[in-house]
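All remarks here apply to the structure that follows.
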Amino acid sequence: MNPIRAIQAAFDKRGQDSYGEGVNQLDHALQCGYCAERDGATPALIVATLLHDIGHLLHDLPDDIADQGIDTQHESLGSAWLSQHFGPEVSEPVRLHVPAKRYLATVEKGYYDLLSEASILSLKLQGGLMSETEVKAFEKEPYYRDGIQLRRWDDEGKIAGWEVPDLGHFQKYIEACVAR
Numbered sequence: 055m056n057p058i059r060a061i062q063a064a065f066d067k068r069g070q071d072s073y074g075e076g077v078n079q080l081d082h083a084l085q086c087g088y089c090a091e092r093d094g095a096t097p098a099l100i101v102a103t104l105l106h107d108i109g110h111l112l113h114d115l116p117d118d119i120a121d122q123g124i125d126t127q128h129e130s131l132g133s134a135w136l137s138q139h140f141g142p143e144v145s146e147p148v149r150l151h152v153p154a155k156r157y158l159a160t161v162e163k164g165y166y167d168l169l170s171e172a173s174i175l176s177l178k179l180q181g182g183l184m185s186e187t188e189v190k191a192f193e194k195e196p197y198y199r200d201g202i203q204l205r206r207w208d209d210e211g212k213i214a215g216w217e218v219p220d221l222g223h224f225q226k227y228i229e230a231c232v233a234r
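Taking the working numbering, the leading residue of the sequence shown gets 55, the next gets one more, and so forth.
In structure tokens:
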């Protein structure tokens, strides 16, 4: 299936699912993508930010799976799926957005205190704070800075009622980034 149609189908199927933060999956994705665009990100980083949680839309697990103590590893699932259609400049920041949360909670004073209850729960399921060895390994990842920036937009895109452009607005970025 054409990746643009597959992305639309994924949002049609599960975009209205709860995100656990007062917005649904689609609203969260659109808000995050808008933040990246607003801040002048590259088209690839806008697409990565828009689609960073696509792994949640691809699995068939319930919305409240984290409440059951299960980490879906959505970042790995999403990155693997995206790598079939996009280059690493899209798939790698997606893979790294969860480790970026762990990294920021470890190294940035006050970051952990800003996390919502849902984000703290998922942080625990995703491995918690990083060890010094994990911090150093993360900093060696080629796209770690993009993963951190994506994470910051991820944290910002959770505002109920925030009106941002719809999915069609981002199609030009997606088309520009699809691996040819």
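Note that CB positions come from ideal geometry on N, CA and C, so glycine has one too.
Quick check on this structure: which residue in the options has the alpha carbon closest to the alpha carbon of residue i?
i: Pro268; options: Ala60, Leu104, Ser72 and Gly181; result: Since the first and last residues shown for the chain are 55 and 234, residue 268 lies out of range.
i: Pro147; options: Arg92, Asp200 and Arg68; result: Asp200
i: Ser173; options: Arg68, Tyr73 and Ile108; result: Tyr73
i: Ser137; options: Ala159, Gly69 and Ser145; result: Ser145
i: Arg206; options: Lys67, Gln62 and Ala95; result: Ala95
i: Glu75; options: Glu229, Asp208 and Gly109; result: Asp208
i: Leu80; options: Trp216, Glu195 and Ala230; result: Trp216
i: Trp135; options: Met55, Ala230 and Lys226; result: Met55
Are residue i and residue j close, meaning C-beta to C-beta below 8 Å?
i: Leu204; j: Leu99; result: yes
i: Leu111; j: Ala60; result: no
i: Val101; j: Lys212; result: no
i: Val232; j: Pro57; result: yes
i: Gly202; j: Ala154; result: A small correction: the amino acid at residue 202 is Ile; Gly does not occupy that position in the sequence shown. Going by C-beta atoms, Ile202 is nearer than 8 Å to Ala154.
i: Phe224; j: Gly132; result: no
i: Pro142; j: Tyr198; result: no
i: Val152; j: Glu188; result: no
i: Asp107; j: His139; result: no
i: Arg149; j: Met184; result: no
i: Leu179; j: Leu84; result: no
i: Cys247; j: Glu171; result: For the chain, the structure presents residues 55 to 234; residue 247 sits outside this window and is missing.
For residue i, name the three-state secondary structure that DSSP assigns.
i: Leu115; result: In this predicted model, Leu115 has a pLDDT of only 49, less than 50, meaning its place in the structure is not dependable; the value taken from the coordinates is given anyway. Correct three-state label for Leu115: coil.
i: Ser72; result: strand
i: Val232; result: strand
i: Asp125; result: Note that Asp125 scores 46 on pLDDT, short of 50, meaning its location in the model is unreliable; the coordinates nonetheless yield the value given after this. Residue state, collapsed to three classes: coil.
i: Ala120; result: Confidence at Ala120 is low in this model, with a pLDDT of 49, below 50, so its placement is unreliable and no value can be given for it.
At a threshold of 7 Å, does residue i count as lining the ligand ZN (C-beta to nearest heavy atom)?
i: Gly94; result: As for the ligand ZN, it is missing from this structure, which has no ligand bound.
What does the Cβ neighbour count give for residue i, buried or exposed, with the cut at 16 atoms within 10 Å?
i: Ala191; result: exposed
i: Leu168; result: exposed
i: Glu91; result: buried
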